[in-house]
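Residue numbers (the numbering used here), protein chains in the order written: chain G, 1 to 422; chain X, 1 to 235.
Using N, Cα and C, we set each Cβ at its ideal position, and we do this for glycine too.
Source: prediction; values computed, not measured.
The next block holds one structure in the form of structure tokens; read it before the comments.
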Amino acid sequence: MTFGTILHLTWRSLRNRRATAGLTLFALAVSVMLVLGVEKLRTEAKASFANTISGTDLIVGARSGSVQLLLYSVFRIGNATNNISWSSYQALASHPDVAWAVPLSLGDSHRGFRVLGTTADYFAHYRYGRRHALAFAGGKAFDDLFDAVIGAEVARALGYQVGDAIVVAHGLGGEGFAAHADKPFRVSGILAKTGTPVDRTVHVSLRAIEAIHVDWRGGARQPGLGVPADRLRGMDLQPRQVTAVLLGVKSRFAAFKLQRWINEYRGEPLLAVLPGVALQELWDLMGTAEAALAAVSIAVVAAGLLGMVTMLLAGLNERRREMAVLRAVGARPLHLFTLLVCEATALAVGGALIGLGLLYLALMAARPLLDAHFGLFIDIAAPTVRDLTILGAVVLAGAMAGAVPAFRAYRQSLADGMMVRL
Amino acid sequence: MTGPVIRLEGVQFRWRPQESPVLDIPLLEVERGERLFLQGPSGSGKSTLLNLLGGIARPEAGRVEVLGRDLAALSGAARDAFRADHVGFVFQMFNLVPYLSAVENVLLPCRFSARRRRAAEAAGGLASEARRLLGHMGLNENRVDGRTVAELSVGQQQRVAAARAMIGGPEIVIADEPTSSLDAEAQERFLALLFDEAARTGATLLFVSHDTRLGGGFGRALALADINRASAVAA
Chain G
1 MTFGTILHLT
11 WRSLRNRRAT
21 AGLTLFALAV
31 SVMLVLGVEK
41 LRTEAKASFA
51 NTISGTDLIV
61 GARSGSVQLL
71 LYSVFRIGNA
81 TNNISWSSYQ
91 ALASHPDVAW
101 AVPLSLGDSH
111 RGFRVLGTTA
121 DYFAHYRYGR
131 RHALAFAGGK
141 AFDDLFDAVI
151 GAEVARALGY
161 QVGDAIVVAH
171 GLGGEGFAAH
181 ADKPFRVSGI
191 LAKTGTPVDR
201 TVHVSLRAIE
211 AIHVDWRGGA
221 RQPGLGVPAD
231 RLRGMDLQPR
241 QVTAVLLGVK
251 SRFAAFKLQR
261 WINEYRGEPL
271 LAVLPGVALQ
281 ELWDLMGTAE
291 AALAAVSIAV
301 VAAGLLGMVT
311 MLLAGLNERR
321 REMAVLRAVG
331 ARPLHLFTLL
341 VCEATALAVG
351 GALIGLGLLY
361 LALMAARPLL
371 DAHFGLFIDI
381 AAPTVRDLTI
391 LGAVVLAGAM
401 AGAVPAFRAY
411 RQSLADGMMV
421 RL
Chain X
1 MTGPVIRLEG
11 VQFRWRPQES
21 PVLDIPLLEV
31 ERGERLFLQG
41 PSGSGKSTLL
51 NLLGGIARPE
61 AGRVEVLGRD
71 LAALSGAARD
81 AFRADHVGFV
91 FQMFNLVPYL
101 SAVENVLLPC
111 RFSARRRRAA
121 EAAGGLASEA
131 RRLLGHMGLN
141 ENRVDGRTVA
151 ELSVGQQQRV
161 AAARAMIGGP
171 EIVIADEPTS
181 SLDAEAQERF
191 LALLFDEAAR
201 TGATLLFVSH
211 DTRLGGGFGR
221 ALALADINRA
231 SAVAA
């Protein structure tokens, strides 16, 4: 009965101060939204990150670091220090444990987007997310020597459509200073959006990579060596080397054995990494940033709670008479303590719920933007156990923070009794 | 139960050990159903006396008996419960919880005292009993409903407070300068209503004021200075 009374008083008292209580509630809600939002982004980014490549059992490159190999082969960040010779690639591809091998050749760009030389097998074997295969939004895989398949983001950013002609630049600089303008490509296909670096890649055949470099030696065009595009189609364009190889194995258990075999390969120093392990390693590198982000959002909640405590404390002085009246009608100091803790808890619960609501609104509003600009597709789902834990922690922290003004009210009511001498 | 409703014997109280006592009352007895006017200027220890009777302050010496119970023998929580059950208070001003309606304010004692809640329910239900008391105090429904108590005049607020002190029929009603913020006419009306209602419930009325002119209608009038040996020192 008495507790019901206190809850009723809590509600009426907060409603009476709805301007200040509302602002406090809003501040708390925003802080809760931030904390949950940061958490959501973190998990989604991590999931999206881990989903960049799947279905590939091993990534092979010249010997370097596993993170570096992952960065250039999958994320198209940075460059390989060394390539793999074609003979090593053939040895890998013909290994009895290998189900499929997709060579990757990197080093050229098109208007800021990386150009990847590969084979048509790439479109068959590359998997992302939960083993999603690449799909064509339009057109088809490359067929002709000068066909190119572009990622969704490339098509969107540059406004390309199937059939458009594009020029590939040598190296990774801007357009023009070393363009392979004499050998224009044609967009044969556009891939559906994946939310991975594939979206920002221009795919051509390995032979095409060779072809555009036929008349180049040591990074510069040889004068007088201009080979017409038509003649190239008839040339033997066997690549001499590739940058990396994606491997699928026949049985999962073979992956480790094969990895060891590659790492001990005699022909040249090679490195094979398990994508999952390398992804985890790379993510761990970002652990500090993650922790910093979490710390900032916790600080935001702390600031929100501090604001609430300030509001309750500031209100206490003008509520001394009210407390005295409650004492006179039989409230115990403990009741007043409880009243203040209830007010704080109610604000925290309200802040948590409104914050959750704001989060979903924000996610719905931000989803298309994040998807379009960062390739981050956010899954709007029911709150996770972790979200609920965070909300519970906010409410608990709110109730505990409420003990500060509550204790003050308790002391005040003991000193004031039924009559306030102001 | 027979004997006095309130009995103070050898009661001494001081705020801090090194200060002189505020109260030193050899004996004060208030009989059942009595209407006692206790006169004293501000600073004469009235508030302290009321805090002792309400069980909020404890004397450093002597006994405070209310309805035959020695308040010192009760725990703090028990004294709060005892006060809720048996004593209704009206103060000089700011009697009401500003965010509750008049009816909710009147019903507050019933929220903290099961005894008074049962009594009010037996008298015809909580809300209707509160309305009846308010009506008796000259506040019929259309004057208080739908308005926050802060919108009521001071006189109306005091009458709401009086209705609250009376609800659930507590044995003792203690009024501390309840009329000093009212004009003379309102004072008279307020006193008449208070007497009426106290007579109806048989409550003992202890009325404290600095204003000697109000003492006329009471059964007995005392000056605090006459029963408090400490007042000479304090003055």
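For the putative contact between G54(X) and M418(G), defined by C-beta atoms under 8 Å, what is the C-beta separation to the nearest angstrom?
On the second sequence, position 54 is the one that residue 54(X) refers to. On the first sequence, position 418 is the one that residue 418(G) refers to. 6 Å between Cβ atoms; contact.
My understanding is that F37(X) touches F195(X), with C-beta atoms under 8 Å, so please give their C-beta distance in whole angstroms.
By 1-based counting over the second sequence, the position of residue 37(X) is 37. By 1-based counting over the second sequence, the position of residue 195(X) is 195. Rounded, the Cβ-Cβ distance is 11 Å, inconsistent with contact.
For L340(G) and chain X, any beta-carbon pair shorter than 8 Å?
Stepping through the first sequence from its first residue, residue 340(G) is reached at position 340. No, L340(G) does not count as interfacial toward chain X.
Distance cutoff 8 Å, beta carbons only. Does T2(G) sit that close to anything in chain X?
Sequence index remark: in the first sequence, residue 2(G) carries index 2 (1-based). With 8 Å as the cut-off, T2(G) counts as an interface residue toward chain X.
Beta-carbon proximity check, A120(X) vs V149(X), cutoff 8 Å:
Within the second sequence, the letter at position 120 stands for residue 120(X). Within the second sequence, the letter at position 149 stands for residue 149(X). Taking 8 Å as the Cβ cut-off, A120(X) and V149(X) do not qualify as a contacting pair.
Report the rounded CA-to-CA distance for T212(X) versus S13(G), giving the unit in angstroms.
The count along the second sequence starts at 1 and reaches residue 212(X) at position 212. The count along the first sequence starts at 1 and reaches residue 13(G) at position 13. Spanning the two alpha carbons is a distance of roughly 39 Å.
Could you tell me the boundaries of the beta strand (DSSP E) in which Q18(X) lies?
What you label residue 18(X) is simply residue 18 of the second sequence in a count that begins at 1. Counting along the chain, Q18(X) falls outside any beta strand (DSSP E), and DSSP gives it neither H nor E.
Test: I56(X) CB closer than 8 Å to a CB of chain G
Within the second sequence, numbered from 1, the residue matching residue 56(X) stands at position 56. With 8 Å as the cut-off, I56(X) counts as an interface residue toward chain G.
CA-CA distance, G351(G) and G304(G)?
Taking the first residue of the first sequence as position 1, residue 351(G) is located at position 351. Taking the first residue of the first sequence as position 1, residue 304(G) is located at position 304. Using only the alpha carbons, I get a separation of about 9 Å.
If H86(X) sits next to I172(X), beta carbons under 8 Å apart, how far is it from one beta carbon to the other, in whole angstroms?
If you number the second sequence from 1, residue 86(X) lands on position 86. If you number the second sequence from 1, residue 172(X) lands on position 172. Confirmed, Cβ separation roughly 6 Å.
Candidates F377(G), T389(G) and L388(G), of which the one nearest T194(G) by Cα:
As a position in the first sequence, residue 194(G) is number 194, starting the count at 1. Answer by Cα proximity: F377(G).
Count the CB pairs spanning the stretch 139-155 of chain G and the stretch 269-277 of chain G that are closer than 8 Å, and state whether there are at least three.
no
What are the boundary residues of the alpha helix (DSSP H) that I174(X) is part of?
In the second sequence, the residue the question calls residue 174(X) occupies position 174. From DSSP, I174(X) is part of no alpha helix (DSSP H) but of the beta strand (DSSP E) over I172 to D176.
Is the separation between the beta-carbon of V32(G) and that of L356(G) shorter than 8 Å?
For the purposes of this step, residue 32(G) is identified with residue 32 of the first sequence, where counting begins at 1. For the purposes of this step, residue 356(G) is identified with residue 356 of the first sequence, where counting begins at 1. A contact, by the Cβ cut-off of 8 Å.
Can you give me the C-alpha to C-alpha distance between A47(G) and L396(G), rounded to a whole angstrom?
In the first sequence, counting from the first residue as 1, residue 47(G) sits at position 47. In the first sequence, counting from the first residue as 1, residue 396(G) sits at position 396. Those two C-alpha atoms are separated by around 29 Å.
Output, in chain order, the set of chain G residues within a Cβ distance shorter than 7 Å of F94(X).
Here residue 94(X) corresponds to residue number 94 of the second sequence, with the count starting at 1. Result: R321.
Any C-beta of chain G within less than 8 Å: which residues of the stretch 65-82 of chain X qualify?
G76, A77, D80 and A81
Hey, is M364(G)'s beta-carbon within less than 8 Å of any beta-carbon in chain C?
Judged by its chain identifiers, the structure shown contains no chain C, and its protein chains are G and X.
Neighbouring residues, chain X, relative to G417(G) (Cβ below 7 Å):
Translated into positions along the first sequence, residue 417(G) becomes position 417. The contacting residues are N51, I56 and A57.
Using a Cβ-Cβ cut-off of 7 Å (strictly less than) and excluding sequence neighbours within five positions of V115(G), which residues of its own chain qualify?
Looking up residue 115(G) in the first sequence gives position 115. Around V115(G): D108, S109, V168, V202 and V204.
Limits of the unbroken beta strand (DSSP E) element including L128(X)
Position 128 of the second sequence, counted from the first residue, corresponds to residue 128(X). For the record, residue 128(X) in the displayed sequence is Ser; it is not Leu. Segment L126 to H136 is the alpha helix (DSSP H) holding S128(X); no beta strand (DSSP E) there.
Under DSSP, the alpha helix (DSSP H) around Q68(G) begins and ends at which residues?
Reading the first sequence from its first residue, position 68 is the one you call residue 68(G). Here the alpha helix (DSSP H) through Q68(G) covers S66 to S73.
Those runs of the beta strand (DSSP E) which lie wholly inside the stretch 24-68 of chain X and span at least 3 residues
35-39 and 61-66
Which residue marks the beginning of the beta strand (DSSP E) containing R220(X), and which one marks its end?
As a first step, residue 220(X) is located in the second sequence; it is residue number 220 there, counting from the start. R220(X) -> beta strand (DSSP E) spans R220 to A223.
Does L111(X) have its Cβ less than 8 Å from a Cβ in chain G?
For the purposes of this step, residue 111(X) is taken as the residue at position 111 of the second sequence. Residue 111(X) is actually Arg in this sequence, not Leu. So yes, R111(X) belongs to the interface.
In whole angstroms, what is the alpha-carbon distance linking Q156(X) and T179(X)?
Locating residue 156(X) in the second sequence gives position 156, where the first residue counts as 1. Locating residue 179(X) in the second sequence gives position 179, where the first residue counts as 1. Answer to the nearest angstrom: the Cα atoms are 11 Å apart.
According to DSSP, is T43(G) part of a helix, a strand, or is it coil?
The count along the first sequence starts at 1 and reaches residue 43(G) at position 43. Looking at T43(G) - three-state DSSP - the assignment turns out to be helix.
How is the alpha helix (DSSP H) around L284(G) delimited, first residue to last?
Translated into the one-based positions of the first sequence, residue 284(G) becomes position 284. The sequence given here has Asp at residue 284(G), not Leu. Start and end: P275 to L285.
Residues of the stretch 265-285 of chain G whose Cβ lies closer than 7 Å to any Cβ of chain X, in chain order:
none
According to the neighbour-count rule (16 or more other Cβ atoms, all chains shown, within 10 Å of its Cβ), is L28(G) buried or exposed?
To locate residue 28(G), count along the first sequence from 1; it is residue 28. Its Cβ being crowded by 16 or more others within 10 Å, L28(G) is buried.
Could you pull the start and end residues of the beta strand (DSSP E) that P269(G) belongs to?
Indexing the first sequence from 1 puts residue 269(G) at position 269. Unbroken run through P269(G): none, as it is neither H nor E.
One question on the structure: do L359(G) and L36(G) come within less than 8 Å of each other, judged by their Cβ atoms?
The residue labelled residue 359(G) in the question sits at position 359 within the first sequence. The residue labelled residue 36(G) in the question sits at position 36 within the first sequence. Against a cut-off of 8 Å, the Cβ pair of L36(G) and L359(G) comes out as a contact.
Using only the alpha-carbon positions, how far apart do M308(G) and V296(G) sit?
Locating residue 308(G) in the first sequence gives position 308, counting from the first residue. Locating residue 296(G) in the first sequence gives position 296, counting from the first residue. If you take the alpha carbons of M308(G) and V296(G), they lie about 19 Å apart.
Would you please verify whether the beta carbon of F207(X) is less than 8 Å from any beta carbon of chain G?
For this step, residue 207(X) is matched to residue 207 along the second sequence. It does not: the Cβ of F207(X) has no partner Cβ on chain G nearer than 8 Å.
What does a CB cutoff of less than 6 Å around L205(X) pick up in its chain, not counting 5 residues either side in sequence?
Mapped onto the second sequence, residue 205(X) falls at position 205. The residues are R35, V173 and A198.
For a quick check, are the C-beta atoms of L104(G) and A208(G) less than 8 Å apart?
Within the first sequence, the letter at position 104 stands for residue 104(G). Within the first sequence, the letter at position 208 stands for residue 208(G). No, Cβ-Cβ distance for L104(G) and A208(G) is not below 8 Å.
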